[in-house]
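Input: a single structure, listed below in structure tokens.
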Amino acid sequence: MMGWLFGGVAKKSERAAKEAVKDGSYHINRRMFLNLMASGIMVYLTKDLIYPEIASANDDIINEKYHVFIPYEIAKRGGIQKVALRSGNICQVKIPARIIENDEISVSKVGLQGNDVTLILHTLYDSQIRIADKIYQEIDQTDFIDNYATKGKAKQTYELLEDGEYIEDIASLDLLQYRLLRHFYGKN
Numbered sequence: 687m688m689g690w691l692f693g694g695v696a697k698k699s700e701r702a703a704k705e706a707v708k709d710g711s712y713h714i715n716r717r718m719f720l721n722l723m724a725s726g727i728m729v730y731l732t733k734d735l736i737y738p739e740i741a742s743a744n745d746d747i748i749n750e751k752y753h754v755f756i757p758y759e760i761a762k763r764g765g766i767q768k769v770a771l772r773s774g775n776i777c778q779v780k781i782p783a784r785i786i787e788n789d790e791i792s793v794s795k796v797g798l799q800g801n802d803v804t805l806i807l808h809t810l811y812d813s814q815i816r817i818a819d820k821i822y823q824e825i826d827q828t829d830f831i832d833n834y835a836t837k838g839k840a841k842q843t844y845e846l847l848e849d850g851e852y853i854e855d856i857a858s859l860d861l862l863q864y865r866l867l868r869h870f871y872g873k874n
């Protein structure tokens, strides 16, 4: 259809490139540059017509993943956790007892297109140690917190965090985060 135009562009570009190589110079003028760009763009645009990708209608390819925080008590004893899905629906999921960080649960046919959903579970629960005891020790050993009430607020904030509750006291949360990050990164 427009082969005469692009064939002419390619021939002129080839001829100009050969002349540039003979001279030993690599100067290209604006017209040559635009011709090369037009040729390249047309090749890029027509590659999909020549080599089309095969579209797959396999619904198994679609896999919805959700990262879900599980409160300490549910992670320890098991229970029901509500999960808000992308579709806007609320799904109640049975969580087994004694889960660990990054456990995965698959829920059948609740996704956007009726597909399965994978839940990646996150928790502070660890069956080997009680992390709260370690965190309380860190709070108590903090020397830059002078006020006993402030240490108490930091502990209450951790308990809310552990239970998956909403935290209104942002200052205590920031203080808790600062202290724990300093501990874990070795900057006591």
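Just so we're aligned, residue 687 is where the sequence shown starts under our numbering, counting upward by one. Glycine is no exception: its CB is placed at the ideal position from the N, C-alpha and C atoms.
From Ile760 to Gln823, what distance separates their C-alpha atoms?
Position 74 of the sequence shown, counting from 1, holds the residue named residue 760. Position 137 of the sequence shown, counting from 1, holds the residue named residue 823. If you take the alpha carbons of Ile760 and Gln823, they lie about 24 Å apart.
Using only the alpha-carbon positions, how far apart do Lys780 and Lys820 sit?
The residue given as residue 780 occupies position 94 in the sequence shown. The residue given as residue 820 occupies position 134 in the sequence shown. Straight-line Cα distance between these residues: approximately 29 Å.
Tell me which residue opens and which closes the beta strand (DSSP E) that Ile853 is part of.
Position 167 of the sequence shown, counted from the first residue, corresponds to residue 853. Premise fails: Ile853 is in no beta strand (DSSP E) and is neither H nor E.
Distance, Cα to Cα, Asn775 vs Asn721?
As a first step, residue 775 is located in the sequence shown; it is residue number 89 there, counting from the start. As a first step, residue 721 is located in the sequence shown; it is residue number 35 there, counting from the start. Using only the alpha carbons, I get a separation of about 54 Å.
Go ahead and label Tyr758 buried or exposed: buried means 16 or more other beta carbons lie within 10 angstroms of its beta carbon, across all protein chains shown.
Residue 758 sits at position 72 when you count from the first residue of the sequence shown. With 16 or more other Cβ atoms within 10 Å, it is buried.
Would you say Asp829 and Thr843 are within 9 Å of each other, going by their C-beta atoms?
As a first step, residue 829 must be located in the sequence shown, where it is residue number 143. As a first step, residue 843 must be located in the sequence shown, where it is residue number 157. For Asp829 and Thr843, no; Cβs fall outside 9 Å.
Could you spell out where the alpha helix (DSSP H) holding Ala761 opens and where it closes?
Here residue 761 corresponds to residue number 75 of the sequence shown, with the count starting at 1. That run of the alpha helix (DSSP H) goes 758-763.
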